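Numbering (our numbering), first residue to last: 1 to 394. Virtual Cβ for every residue (Gly too), placed ideally from N, Cα, C. Since this is a predicted model, take the numbers as computed values, not measurements. Written below as structure tokens is the structure these notes are about.
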């Protein structure tokens, strides 16, 4: 082969190789990147609070491979009855009877909740953890609070623990502040009633009852079932008392001390107070009992005035009668009448109608120149009814 031919062949080969290289360099390069799986825009995000409370489960339970297994005796603890103001506690025990470590996290709680017994924040296979709940109710009646515990057990991802019961009064004293007796009649005892019960204790005893005077006596007896039910109580005693007042009118104050077998209420002291108003009580506008004074105010000389007084009188063997009357000024007239009274009434009602007739003389009856009505009666304890008068007739 001639040299010229060889050179032509070599030129053709080199030209072809150059074209191939040029095409390879100018071709676009494609890079395949692995796509990242995006989370849904509304997917919840676990953001624990400062005290470690998780709003959602921070774990991702899986059914693949070895798994933990939550075992708990009960999710609800019924503590029964509890006195208001006390603090209750209970421990829920969670065991891991699975084949992998059990993880626990605290969720939303309504009471104080602590988790203990974790090793490296896990419950090992065959181990257990204690969930401690503590509560202090603020009101009477049914009560319930709880706590959520998150786990990595796919069969029990959310444990809702709860405590329930009834808040009751440890002691009910009726009346709470003792007895106030008004208008106590003389000559007959006044009955007094009350009770002491508890909604917390199944039983208790009243060991003694003491009073400050022989005039005051008390006994006790167990309450009937229906009375206990009405007070939502478990046990209790009825208090039965009697007060024999003195004949003298005036205020009185006695004390009764009840001793019980309850540690917190070993001694209960109650007062019995009241007044003896005497054999008569007068009710009327303008009447001042302490001064035995009836103030009639200003009276028209032309029109006169009528005034009515109601008298509550202790009954006796006879009907009350006015035997004599002395009235100053003497132009005033009085009329006395009895109302219908039952035989068992502790006071009998009478009416005294007083009249200043039209055309009565003008004058001032005050202070040293008061008028006066004195009525003599047949009552053994009320020989006279005295009414002082003040008025201005003009």
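Burial state of residue i (16 or more Cβ within 10 Å)
i, result
"residue 344", "exposed"
"residue 180", "exposed"
"residue 140", "exposed"
"residue 377", "buried"
"residue 203", "exposed"
"residue 103", "buried"
"residue 86", "exposed"
"residue 315", "buried"
"residue 352", "buried"
"residue 233", "buried"
"residue 224", "exposed"
"residue 130", "exposed"
"residue 354", "buried"
"residue 264", "exposed"
"residue 306", "exposed"
"residue 145", "buried"
"residue 107", "buried"
"residue 277", "buried"
Unbroken alpha helix (DSSP H) run spanning residue i, endpoints
i, result
"residue 229", "225-230"
Endpoints, the beta strand (DSSP E) within which residue i is located
i, result
"residue 143", "141-151"
"residue 222", "216-222"
"residue 77", "76-83"
"residue 281", "280-283"
"residue 277", "No beta strand (DSSP E) holds residue 277; DSSP gives it neither H nor E."
"residue 289", "Neither: residue 289 is in no beta strand (DSSP E) and is coded neither H nor E."
"residue 96", "88-96"
"residue 54", "Careful: residue 54 lies outside any beta strand (DSSP E) and carries neither H nor E."
"residue 188", "That residue, residue 188, is in no beta strand (DSSP E); it is neither H nor E in DSSP."
"residue 131", "128-135"
"residue 208", "206-211"
"residue 103", "102-109"
"residue 305", "305-313"
"residue 243", "235-243"
"residue 162", "158-168"
"residue 325", "322-328"
"residue 338", "333-338"
"residue 372", "371-379"
"residue 383", "382-393"
Option nearest residue i by Cα separation, candidates the options
i, options, result
"residue 77", "102, 69, 85 and 147", "147"
"residue 170", "197, 176, 71 and 259", "197"
"residue 393", "224, 205, 362 and 352", "362"
"residue 154", "62, 136 and 390", "62"
"residue 292", "389, 258 and 260", "389"
"residue 221", "229, 239, 380 and 208", "239"
"residue 162", "303, 210 and 88", "88"
"residue 235", "270, 183, 337 and 261", "261"
"residue 272", "210, 230, 231 and 308", "210"
"residue 283", "349, 128 and 56", "349"
"residue 70", "91, 346 and 96", "96"
* Report yes or no: do three or more beta-carbon pairs, one from the region 250-258 and one from the region 153-171, lie closer than 8 Å? => Segments in contact, no.
* Asked: Would you call the region 360-376 and the region 315-333 touching, i.e. three or more CB-CB distances under 8 Å?
  -> Contact between the region 360-376 and the region 315-333 is present, because at least three Cβ pairs lie under 8 Å.
* Any chance the region 278-291 sits against the region 202-218, with 3 or more Cβ pairs inside 8 Å? -> With a cut-off of 8 Å on Cβ pairs, the region 278-291 is not in contact with the region 202-218, counting fewer than three such pairs.
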